[in-house]
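Numbering (the working numbering), first residue to last: 41 to 503. Using N, Cα and C, we set each Cβ at its ideal position, and we do this for glycine too. Heads up: the structure comes next, in structure tokens.
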């Protein structure tokens with residue numbers, strides 16, 4: 041039998057790959073980014089098809105509550121009674137019909153019917169066709185109801201949980217909350233950090249442009265490059281050679297609060313996968329010590345691999361519960377301690393849309409309780425005159441400013457340090473700087489087209 045005689049498995053379409061991922065996320069509570077990465081590796085789609093599958097997965101999850109709200113008006117028994125593949129096929133198809141302009145409506149319906157025939161039977165295909173065409177005939181199904189409150193309207197139009205919108209309105213007001221929700225549904229751009237020990241930003245940018253990659257310097261960090269439609273640069277030679285690392289621009293701002301200098305001793309309490317530790321060591325010129333700790337033993341390899349790839353011998357690793365660091369390290373022995381605390385992650389919803397549907401108000405309360413414990417422990421390890429930098433990738437006040445203010449209130453030897461903000465791009469972060477208290481920075485997703493992020497810098501008295 042020749043190689044040509046061997047029956048090759050049928051390659052799945054972009055929509056079938058996306059549907060499989062959505063079903064796994066729905067049934068197994070799988071993380072969409074991890075599930076999608078695995079599915080794309082296995083399917084080996086062409087670049088355009090991989091892009092479509094990615095768009096369908098993230099877009100459907102982003103708009104989930106609105107899609108379900110429309111479907112509930114046309115599925116008599118309710119969408120929860122449908123099989124997971126059917127429910128997610130309808131969601132994914134409605135997403136294309138309403139939110140994507142480039143795909144003709146008839147193509148969306150035809151493809152959905154074809155998939156339904158493959159997965160079910162002729163009756164199921166007829167059901168899918170009927171529901172989709174019924175929605176197409178009634179565009180008013182997408183409109184917010186007149187009796188909705190401001191929070192309910194924003195939640196409906198931008199697909200966010202009502203409780204979360206209500207929380208943000210209390211803190212930021214309705215107008216800013218709507219901007220947050222709108223920004224959360226925008227596709228994130230690619231941003232990378234240049235390793236100054238291996239190359240220079242201008243050099244890397246010229247090399248990327250020479251390969252037809254559209255890039256520009258970050259407006260937020262002198263170490264950052266922003267790209268549009270770059271593909272995954274973690275597979276590039278620049279990444280493999282340790283010249284760049286993947287990191288969001290907002291996250292790069294942490295190093296400005298740390299203010300690393302050669303010879304310093306710095307502790308990163310919750311370091312994995314290691315991006316901020318590496319940035320600190322790079323700014324130190326690889327002279328000094330950066331102790332990168334993380335609770336999870338299996339993440340130690342991630343940190344060590346990053347250090348090896350970037351050529352950073354200043355990185356040391358340890359595997360300890362951050363709430364017990366004082367039992368393993370000498371008190372007051374670090375110049376700077378960074379606590380990039382576990383958080384709800386509501387600042388990175390555009391990258392991880394599942395978060396807004398999984399987290400609850402109780403989760404925020406529980407996480408904040410842990411954060412209060414961690415900041416007290418981290419502070420014990422800072423030398424007199426040293427600094428404690430507290431950061432999160434959330435925009436929840438309970439996890440940010442309230443944690444820091446409560447700590448300061450109970451520990452008179454600490455004060456908020458505002459001087460680090462002079463190094464920030466004042467124009468680009470003008471809105472964030474205006475809303476932020478002394479010593480703190482709260483970046484919202486629409487401020488600078490980056491992740492939502494919080495940073496606070498505290499200084500310990502000399503005596």
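| query | result |
| --- | --- |
| Sequence-distant residues of the same chain with beta carbon closer than 6 Å to residue 476, five excluded per side | 482 |
| Candidates 181, 205, 182, 180, of which the one nearest residue 192 by Cα | 205 |
| Those residues which DSSP pairs with residue 357 across a bridge | 332 |
| Spatial neighbours of residue 143 in its chain, beta-carbon cut-off 6 Å, leaving aside the 5 residues before and after | 136 |
| CB-CB length for residue 332 against residue 311, believed under 8 Å | 4 Å |
| For residue 308, the residue or residues it bridges with in DSSP | 332, 378 |
| Host alpha helix (DSSP H) of residue 419 (start-end) | 401-419 |
| Contact belief for residue 467 with residue 497 at Cβ below 8 Å, rounded distance in angstroms | Actually they do not touch by this definition, with Cβ atoms about 21 Å apart. |
| Through-space distance from residue 326 to residue 280, alpha-carbon basis | 19 Å |
| Same chain, Cβ closer than 8 Å to residue 429, five either side skipped, listed in chain order | 294, 297, 298, 376, 377, 378, 379, 495, 496, 497, 498 |
| Residue 254 classed as buried or exposed, judged by whether at least 16 other C-beta atoms fall within 10 angstroms | exposed |
| Alpha-carbon to alpha-carbon, residue 359 and residue 344 | 12 Å |
| Residues that residue 496 bridges to, as DSSP identifies them | 430, 480 |
| Counted within 10 angstroms of its Cβ, other Cβ atoms place residue 275 as buried (16 or more) or exposed | exposed |
| Stretch pair the segment 281-293 + the segment 220-233: three plus CB contacts closer than 8 Å | yes |
| Residue 359 Cβ short of 7 Å to the ligand COA heavy atom set | Here there are no bound small molecules, and the ligand COA is not part of this structure. |
| Expected contact under 8 Å - CB spacing of residue 131 and residue 107 to nearest Å | 5 Å |
| Buried or exposed (CB count within 10 angstroms, at least 16 for buried), residue 63 | buried |
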